[in-house]
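Chains A and B are the protein sequences, given in the same order.
Going by our numbering, the letters in the first sequence line up with residues 90 to 315, in that order.
Going by our numbering, the letters in the second sequence line up with residues 90 to 315, in that order.
For every residue, glycine included, the Cβ atom is placed at its ideal position computed from N, Cα and C.
This report concerns only the one structure given below.
2 protein chains.
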Amino acid sequence: MSKAHVSDAVIRRLPMYYRHLKELEKAGVERISSRELGERMNLTASQIRQDINCFGGFGQQGYGYRVPELRWHIGEILGLEKQYDVIIVGAGNIGRAVANYDGFRKEGFFVRAVFDVSPSLIGVDVHGIPVQAMDKLDAWLTEHNADIAVLSVPASQAQATADRLAQAGIKAIWNFAPVDLHLPEDVVSNHVHLSDSLHILTYRMNEEALFREIEEKARMNGQEQD
Amino acid sequence: MSKAHVSDAVIRRLPMYYRHLKELEKAGVERISSRELGERMNLTASQIRQDINCFGGFGQQGYGYRVPELRWHIGEILGLEKQYDVIIVGAGNIGRAVANYDGFRKEGFFVRAVFDVSPSLIGVDVHGIPVQAMDKLDAWLTEHNADIAVLSVPASQAQATADRLAQAGIKAIWNFAPVDLHLPEDVVSNHVHLSDSLHILTYRMNEEALFREIEEKARMNGQEQD
């Protein structure tokens, strides 16, 4: 039972728990021990128990967790029992892919409007919604609700657009631009850094050769010093 | 100077270093201390030095890091001085968004082919490349090189498609399907879990209210026990 400062590592694992528990529930598994869940997720049993205890703890010693119950609790912790009104800002490839992704609707995320600065995109249909000019944003927000803005503009415009969204009253930004945003304290955000993810992949592709080289160099430096 | 087991946390930070150093270089900054770089990245100076020392260390005590040199070294560590042939497997919204993303080409990632199982997509043009049937994959790979496969198929088909890619000789998978893949040891992968990222955002939106509730509940349980 702890205060509002759950570590980022725990927060990052919560959606993983949710995914695995959903799969287990689908497979008809009714209960699971922290050891079994840990094996599935490459975590230790004690890590699992610690993580879940951050939010009050829902298991029974020696019995394990009831899968549907824990899945429901984690969903509640993640705020997934609610519905969210979403606007998309930037109707390029990524913005359109997000708007067209049917999975979101199933999870309670509803795209209500799409905005872009480019005159050539205004009026274009994105998943049944005509793209509006960015300067219609404030007027639109006085009449409609938006819980989340998907920020899918080019990197060079990301901070200025985020500032504008914050000024317009948006409190949550899902950022696809490859930029770390500076936002007012009451605006939350999370970043999907696609290029970071690709760079981690190329790192893994090259890791072995890299360390062979580093070791080789170290050996040669060692010999020089002899 | 250390062996090939750099922690996941360090690996996750490498692309962040690269991004910040690229921005600094663009802004004409020639050198930076670990303290200044740390402030930019929300890390301590000693964390920065430790991270960079995993790969041999490139700074001078009391002088800091030369920005262009360190950017170049981190790029090399990430394998970004190379070019990569990429195939896209799954020509839905995400696959098409990746294929159309011009930034990749600038970074040395070249989309060479696009595959899909859906007959209605075969022949459709994606960024100048006609979509091919999945059963053409093996034949295509005997004649062409593919360093990376972008896996952008539905969750239900992800593992089977990944197995097929691994059998066909693919050694690196950039996975957009919301599934943790099981792959042979010599195949590396990295996941872009879009829904995980969205769930972390909704967690942050709800965190304060959640902990008010948890504390309230704890208080009430405490009173009951009195």
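Taking alanine 261 (chain A) as the centre and dropping the five residues before and after it, the same chain places the C-beta of Asp236, Ile237, Ala238, Val276, Val277, Ser278 closer than 8 Å to its C-beta, in chain order.
Taking the Cβ atoms as the reference, serine 122 (chain B) lies roughly 4 Å from glycine 153 (chain B), within the contact range of under 8 Å. According to the DSSP assignment, isoleucine 176 (chain A) belongs to the beta strand (DSSP E) that extends over 173-178. Proximity of chain B to tyrosine 190 (chain A) at the Cβ level (cut-off 7 Å) is accounted for by Asn182, in chain order. Measuring C-alpha to C-alpha distances from glycine 258 (chain B) to each of B:Leu272, B:Leu210, B:Ile141, B:Lys171 identifies B:Leu272 as the nearest. Leucine 240 (chain B): member of the beta strand (DSSP E) spanning 237-240, first to last residue. Note that the C-beta distance between tyrosine 292 (chain A) and leucine 103 (chain B) is below 8 Å. Not one beta carbon of chain A lies nearer than 8 Å to the beta carbon of isoleucine 218 (chain B).
Closest in C-alpha terms to arginine 129 (chain A), from the list B:Leu290, B:Trp263, B:Asp269, B:Ser284, comes B:Asp269.
Threonine 231 (chain A) is not a Cβ neighbour of leucine 240 (chain A), given a cutoff of 8 Å. About 14 Å separates the Cβ atoms of asparagine 182 (chain A) and histidine 216 (chain A), ruling out a contact at the 8 Å cut-off. Proximity to serine 284 (chain A) across B:Leu290, B:Trp229, B:Phe198, B:Glu297 peaks at B:Phe198, based on C-alpha coordinates. In this structure the segment 169-184 of chain A lies against the segment 194-211 of chain A, because at least three pairs of beta carbons, one per stretch, are closer than 8 Å.
Judged by DSSP in its simplified three-state form, tyrosine 154 (chain B) adopts strand. Under the 8 Å criterion on CB atoms, aspartate 252 (chain B) is classed as non-interfacial with respect to chain A. Contact between valine 213 (chain A) and alanine 186 (chain A) does not hold, since the beta-carbon distance rounds to 15 Å and is not under 8 Å. Taking the CA atoms as reference points, leucine 126 (chain B) sits about 15 Å from glycine 117 (chain B). Bridge partners of asparagine 264 (chain B) according to DSSP: B:Leu240, B:His280.
The Cβ of proline 208 (chain B) sits no closer than 8 Å to any Cβ of chain A.
Cα atoms of phenylalanine 265 (chain B) and valine 178 (chain B): separation of roughly 10 Å, rounded to the nearest angstrom.
Counting along the chain, phenylalanine 193 (chain B) sits inside the alpha helix (DSSP H) bounded by residues 191-195. The DSSP-derived three-state label of aspartate 205 (chain B) is strand. By the CB criterion at 8 Å, isoleucine 289 (chain A) and arginine 160 (chain B) fall outside the cutoff. Cα atoms of cysteine 143 (chain B) and isoleucine 218 (chain A): separation of roughly 49 Å, rounded to the nearest angstrom. No Cβ of chain A is located within less than 8 Å of the beta carbon of proline 273 (chain B). For glutamate 128 (chain B), the enclosing alpha helix (DSSP H) begins and ends at 123-130. Asparagine 295 (chain A) is classed as buried because its beta carbon has at least 16 other beta carbons within 10 Å across all chains shown. Judged by DSSP in its simplified three-state form, isoleucine 211 (chain A) adopts coil rather than helix or strand. About 17 Å separates the beta carbons of arginine 253 (chain A) and histidine 233 (chain A), which is beyond the 8 Å limit, so they are not a contact pair.
Excluding five sequence positions before and after phenylalanine 193 (chain B), none of the CB atoms of its chain fall closer than 7 Å to its own CB. Here alanine 247 (chain B) is buried: its Cβ has 16 or more other Cβ atoms, across all protein chains shown, within 10 Å. Between valine 95 (chain A) and the set A:Pro267, A:Leu167, A:Gly151, the nearest pair of CA atoms involves A:Leu167.
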